[in-house]
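Numbering (numbering that gives the first Met the number 0), first residue to last: 0 to 173. Down below is the structure, laid out as structure tokens.
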Amino acid sequence: MAFEDNLYCDFSGTATKAIAGKDILLAIFDKTGTKLLAIAGQKGLKINRSKDSIEITSKDTKGGWKSKIGGMKEWSVDNDGLYVMNDESHKALGEYFEGDDPVCIKIVNQRDQKGMFGGLAIVTDYSFEAPFDDAMTYSIKLDGMGALVDLTLNDKANQMPGETPTGENKGAGE
């Protein structure tokens, strides 16, 4: 057996399959839908998913306990980091914020080169902080429009930031 019978190097445990947060990036597509831009300067990323509950308790509900069913779902993304003023991704975020157009977002695992989640969102907050004694930072909030799609279920959603979309011709001789 490998690794001396896994005596001290047991790779079967779940800890060896954990995902490092530093490997997960928020990216946005440009308005053409072909260029995927990783948001420059990222430090924090939070994916929020929630569902309403609808109370269906009635007088004949057993035992005095409330009963509920699932209602509407929603999602959002919070992202923050160091502000890179002239980066194409921040220019695009500013345009999406000012123009009210939805942005197609994608969350990727850059280590495994795989897409994780994707969907349409509205930029509802794009703030900056410039403290006297620290680096200038940004924070954004993206509110989802429709479903947040689980891209791990689709092998065709693995375009990474800076790559040419799959299936596109790169030109003669390439």
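Each residue gets a CB set at the ideal place from its N, CA and C atoms; glycine is no exception.
The segment 145-156 makes no contact with the segment 49-68; the number of CB pairs closer than 8 angstroms stays below 3. Residue Gly80 holds the alpha-carbon nearest to the alpha-carbon of Ala129 among Gly143, Asn85, Gly80.
DSSP places Asp22 in the helix class (H, G or I) of the three-state scheme. Judged by their CB atoms, Gly98 and Lys105 are not nearer to each other than the 8 angstroms cut-off. Counting the other Cβ atoms within 10 Å of the Cβ of Trp64 gives fewer than 16, which makes it exposed. Excluding its 5 nearest sequence neighbours in each direction, Ser138 has C-beta neighbours in its own chain below 6 angstroms: Asp79, Ser126, listed in chain order. Rounded to whole angstroms, the separation of the alpha carbons of Phe131 and Asn153 is 46 angstroms.
With fewer than three CB-CB distances shorter than 8 angstroms, the segment 47-57 does not count as touching the segment 17-34. Runs of alpha helix (DSSP H) with 4 or more residues, each lying fully within the segment 50-115, are found at 87-98, listed in chain order. Taking Ile38 as reference, the option from Met144, Lys155, Asn157, Lys140 with the minimal CA-CA separation is Lys140. Residue state for Lys42 is assigned as strand, using DSSP reduced to three classes. In the three-state DSSP reduction, Glu3 falls in the helix class (H, G or I). The C-alpha of Thr163 lies about 7 angstroms from the C-alpha of Thr33.
The C-beta distance from Ala120 to Gly143 rounds to 5 angstroms, short enough to meet the 8 angstroms contact threshold.
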